[in-house]
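*Asks:* In order, the protein sequences belong to chains A and B. The numbers in numbering that gives the first Met the number 0 rise by one with no breaks, and the one at position 453 of the first sequence is 452. The numbers in numbering that gives the first Met the number 0 rise by one with no breaks, and the one at position 27 of the second sequence is 26. Every residue gets a Cβ at the ideal spot worked out from N, C-alpha and C, and that includes glycine.
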Amino acid sequence: MLPKDPLRRVLYIDLTNRRFWVEERPELFAENIGGTGVASELLKEECPAGIDPKDPKNPIIFAVGPANGLFPIASKTVSMFLSPHNRLLGESHAGGRSALALRLAGYGAVVIRGASEIPVYLVIEPSGVKFRDARGLWGLTVSETGRFIRECEGGSGLRSILRIGPAGEAGCTFSCVVAETYRHFGRLGLGTLFGAKKLKAIVIYGKRALPVKDRKLYRQTYDEILQKLRETPSLRKYHDVGTAVNVIPLNKLGALPTRNLKQARFEGAEKISGEYFAQNLLGRRLACTHCPMACIHLAALRTPYEDEPYFYKTTFISYDYEPIYANGSMLGIDSAEGILRLLDLIDNLGLDAMSTGVVLAWATEAFERGLVSKEETLGLEPRFGDVETYLKMLPLLARRANDFYDALAQGVDFAARRFGGEDFALAFGGNEMPGYHTGYGAHLTHLTGSRHSHLDSAGYSYDQKLPREEITPENLAKKLYAEEVYRQILSSAVCCFFGRSVYNYETLARIFTVSGFEYSPEDLERIGEKILKRKYSFKKERGFALKKLRIPRRILETISAQGKLEESFFRQALSAYEKLLEGGQG
Amino acid sequence: MGRLKVVDSDRCVGCQLCMFACQRRSGTAGLAQCAIHVRSRGGLSRGLTVIVCRACEDPPCLAVCPTGALVKRRGGGVVHSPKKCIGCGFCREACPLQAIFWNDETQKPVICVHCGYCASYCPHHVLKVEEAQSAT
Chain A
0 MLPKDPLRRV LYIDLTNRRF WVEERPELFA ENIGGTGVAS ELLKEECPAG
50 IDPKDPKNPI IFAVGPANGL FPIASKTVSM FLSPHNRLLG ESHAGGRSAL
100 ALRLAGYGAV VIRGASEIPV YLVIEPSGVK FRDARGLWGL TVSETGRFIR
150 ECEGGSGLRS ILRIGPAGEA GCTFSCVVAE TYRHFGRLGL GTLFGAKKLK
200 AIVIYGKRAL PVKDRKLYRQ TYDEILQKLR ETPSLRKYHD VGTAVNVIPL
250 NKLGALPTRN LKQARFEGAE KISGEYFAQN LLGRRLACTH CPMACIHLAA
300 LRTPYEDEPY FYKTTFISYD YEPIYANGSM LGIDSAEGIL RLLDLIDNLG
350 LDAMSTGVVL AWATEAFERG LVSKEETLGL EPRFGDVETY LKMLPLLARR
400 ANDFYDALAQ GVDFAARRFG GEDFALAFGG NEMPGYHTGY GAHLTHLTGS
450 RHSHLDSAGY SYDQKLPREE ITPENLAKKL YAEEVYRQIL SSAVCCFFGR
500 SVYNYETLAR IFTVSGFEYS PEDLERIGEK ILKRKYSFKK ERGFALKKLR
550 IPRRILETIS AQGKLEESFF RQALSAYEKL LEGGQG
Chain B
0 MGRLKVVDSD RCVGCQLCMF ACQRRSGTAG LAQCAIHVRS RGGLSRGLTV
50 IVCRACEDPP CLAVCPTGAL VKRRGGGVVH SPKKCIGCGF CREACPLQAI
100 FWNDETQKPV ICVHCGYCAS YCPHHVLKVE EAQSAT
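#1: Given a threshold of 16 other Cβ atoms within 10 Å of its Cβ, counted over all protein chains shown, does E566/A qualify as buried or as exposed?
#2: I50/A: buried (16+ other C-beta within 10 angstroms of its C-beta) or exposed?
#3: For D57/B, which of L47/B, R23/B, V70/B, C121/B has the nearest alpha-carbon?
#4: Can you find at least 3 beta carbon pairs, one from the region 67 to 83 of chain A and one from the region 485 to 496 of chain A, that sit closer than 8 Å?
#5: Given this structure, state the Cα-to-Cα distance separating R186/A from K83/B, to the nearest angstrom.
#6: Leaving out five residues before and five after D351/A in sequence, what residues of the same chain have Cβ atoms less than 6 Å from its Cβ?
#7: Residues of chain A with CB under 7 Å from V37/B, in chain order?
#8: Counting only Cβ pairs nearer than 8 Å, list the residues of chain B close to K206/A.
#9: Which of helix, strand or coil does DSSP assign to V453/A?
#10: Got a sec, what are the start and stop residues for the alpha helix (DSSP H) A106/A sits in?
#11: From what residue to what residue does the beta strand (DSSP E) around S78/A run?
#12: Show which residues of chain A have a CB atom less than 8 Å away from the CB atom of C52/B.
#13: In whole angstroms, give me the CA-to-CA distance for Q571/A and A166/A.
#14: Short check: CB of L260/A to CB of H442/A, under 8 Å?
#15: Thinking just about the alpha-carbon of each residue, which of L579/A, T302/A, I295/A, A200/A is nearest to the one in A476/A?
#16: Under the three-state reduction of DSSP, which class applies to N259/A: helix, strand or coil?
#17: Measuring only the C-alpha atoms, how far is K534/A from E540/A?
#18: Figure out for me which residue from F193/A, I295/A, D132/A, F265/A has the closest Cα to the Cα of G95/A.
#19: So the candidates are C87/B, R91/B, L47/B; which of them puts its Cα closest to the Cα of S8/B?
#20: Check whether chain B comes within 8 Å of L507/A, counting only Cβ atoms and requiring the distance to be less than that.
#21: With DSSP as the reference, label T557/A as helix, strand or coil.
#22: Could you check whether the Cβ of P95/B sits closer than 8 Å to any Cβ belonging to chain A?
#23: When we look at the beta-carbon of F310/A and count the other beta-carbons within 10 Å, is it buried (16 or more) or exposed?
#24: Who are P303/A's beta bridge partners in DSSP?
#25: Have a look at D455/A, G188/A, A575/A, K270/A and flag the residue whose alpha-carbon is nearest the alpha-carbon of G384/A.
#26: Starting from P291/A, find everything on chain B with Cβ-Cβ shorter than 8 Å and list it in chain order.
#27: Could you check whether the region 462 to 477 of chain A touches the region 495 to 511 of chain A, counting it as contact only if at least three pairs of C-beta atoms, one from each stretch, sit closer than 8 Å?
#28: Using C-beta distances below 8 Å, list every residue in its chain close to V110/A, excluding the 5 sequence neighbours before and after it, in chain order.
#29: Relative to chain B, which residues along the region 267 to 285 of chain A have a C-beta separation below 8 Å, given in chain order?
#30: Among residues of its own chain, excluding the 5 on either side of G188/A, which ones have a beta-carbon nearer than 7 Å to its beta-carbon?
#31: So which of A335/A, L252/A, L157/A, F130/A has the shortest CA-CA distance to G438/A?
#32: Below 7 Å on C-beta distance, what does F315/A contact in chain B?
#33: Using beta-carbon positions only, say whether G33/A and L14/A come within less than 8 Å of one another.
#34: Going by the DSSP bridge assignment, what does D422/A pair with across the sheet?
#35: Tell me the DSSP secondary structure of E44/A in three-state form.
#36: Pull the bridge partners of E90/A from the DSSP assignment, please.
Listed below in structure tokens is the structure:
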């Protein structure tokens, strides 16, 4: 690491005693790079064994890496914590502006300890931390919170505003933290932990200069990478139609989970496709800071006020493939406008859009089957495709209105344990299912991934690109393991995973050189494996075991794009994956 | 001499690649020495504003500089001499566009030199270098 690089500075914030201090930890970064690598080590140091996720001792950790502020598409911040949702490893990455703001404020990582007695928000600046009274903001929606803080604090264009909504305050376990209105630390309940700590928001501001080892080499490497990013065809689709471009191809494959995965094809897919959104609703496109892709697509939704003629409001709502799947096909909704109304409310309550859709889908099927009645639903009758009823259920869920909604607010695993219906409770490792029923690869990623996220090792992609004969339990486990190892380095840099085709091990080693880190591609692979095993140990110490994982029966019943899936294949692959994780020195 | 022009800020997606490009001219990364600024118009849903020196023919910043650190640039705008500059910040106050930025590390203003380096990195043609009529 270069002598003047502020990446080494770890900012500690104690919410209980309203103190902060900085520790210089160059070796922490030299050994773990940044991002996921550093955050996982800090989590190991900070999080005691055996605590409840809502215990004030559960830390919130943010980390960035050497590539942030230096190279394009290195636009993400990693957060880590003990997850209030699945009570295992909480790890969530967000785009927006926070990575750049934190790096340019002069910090490599932030550790937030303790809990505040009254609602507060934090302002993180180069000179330190300000604690602000947030009592007047408590209870406000995500967009209202953003609006007030935006006007109170300076630094527009050089800051990030992270905030939670009412769901996080109420303790719904899959609450998210929203960054810059349209990006999220979405999964595994970071927003819940903010709420438990009475932390309503964090503003981060910074604009400092960062040193490079060799200015000529820096510019040359930068230009080469940017050129490659612009020329990569697979990135073009995110740039044009956005991630929602996946709706139609996945539907054609028979891999689009529909009506709680009772089907894998949706007859209304065309009407909720990326193309439909782009042609009829796309109002603006945005980029995360320092990313040329501009994959953020905002729909302009014009809605009339019912009580006065010629009185409208126009709302900009971001959409992506996953929220469309979870709150579209999964709920049998074939109206793009209907999906947007749901997403707008979900965002404002501060819920994770993916878990929310899957939870509502489970609730609908549970109601259909008579596992719950109108008594539990407080008079509502959820039916697939019925947007209006879902809009009424969301606030009840977010405030945990009764025993039933309280169960929903803790995810489908919890709700199914309480009310039955585990066979169709679509969660893996306690995290609700992403939108891929492509075959063994996808579900193995959901099962084995350290975050139980489709992004951990992208099995959905292996399902589509591997020749049939190569799809064996051992081979798939090996491929997904190698992919997950590699992604630890990407998320330690911290690069957006959309840049993966450009940032291979060799390129990553080269860009780290510019920051004075001397790693060979082999070193990086070794560090990646070390990080992955460390995350696995964290989970194992908290009772996690791959062989104990519940495989929802529904994924075996509904034919996937690869045909019918067998439990025995999954069990063999899980045991192969476990061997890889357990092998060698962790 | 050319001048940098914001062609259409409604095309801006807020990636700030222009800002990072401007900083790279100084041979470093980050944003401390950046003479162009992109920010939202009060929330990203409202779109973005791109703020940069317009290269005024009769620059108000020049008029208030007490040390002669700003001299008229051919083609409009000013050239800043850090050696003469005492960092009083009057120039920043005088600019009605708020297009003079501040380097917290050097405590000196940062003013666009209209080199056009940023424009070559803009992915969406928000910026271009225009050949201006000679001011002389």
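*Replies:* Taking the geometry as given:
#1: With a 10 Å radius around the Cβ and a threshold of 16 neighbouring Cβ atoms, E566/A comes out exposed.
#2: exposed
#3: V70/B
#4: yes
#5: Between R186/A and K83/B, the C-alpha separation is close to 53 Å.
#6: Counting only Cβ-Cβ distances below 6 Å, and skipping sequence neighbours, we find F173, C175, G185, R186.
#7: G156
#8: G29, L30, A31, C33, D103
#9: The residue asked about is misnamed: residue 453/A is His in this sequence, not Val. In the structure shown, H453/A sits in coil (DSSP, three-state: anything other than H, G, I, E or B).
#10: For clarity, residue 106/A is Tyr in the given sequence; the question names Ala instead. Where Y106/A is concerned, there is no enclosing alpha helix (DSSP H), given that its DSSP letter is neither H nor E.
#11: 76 to 81
#12: Chain A residues near C52/B: none, gap ~16 Å exceeds 8 Å.
#13: 39 Å
#14: In this structure, L260/A sits away from H442/A, with a CB-CB distance that is not shorter than 8 Å.
#15: L579/A
#16: coil
#17: 10 Å
#18: Nearest C-alpha to G95/A among F193/A, I295/A, D132/A, F265/A: I295/A.
#19: L47/B
#20: no
#21: coil
#22: no
#23: Sixteen is the threshold: since fewer than 16 other Cβ atoms of the shown chains lie within 10 Å of the Cβ of F310/A, the residue is exposed.
#24: Y311/A
#25: Nearest C-alpha to G384/A: K270/A.
#26: C14, L16, P122
#27: Between the region 462 to 477 of chain A and the region 495 to 511 of chain A, the count of Cβ pairs shorter than 8 Å is below three; the stretches do not touch.
#28: Here V110/A has V9, L10, Y11, I12, L41, E45, P58, I59, I60 as same chain residues with Cβ atoms under 8 Å from its own Cβ, once five neighbours each way along the sequence are excluded.
#29: R283, R284, L285
#30: S82, P83, H84, G89, T172, F173, S174
#31: The shortest Cα separation from G438/A among A335/A, L252/A, L157/A, F130/A belongs to L252/A.
#32: S44
#33: Cβ atoms of G33/A and L14/A: not closer than 8 Å.
#34: Looking at the DSSP assignment, D422/A forms no beta bridge with any residue, so it has no partner.
#35: Three-state result, E44/A: helix.
#36: Here E90/A is bridged, per DSSP, to M79/A.
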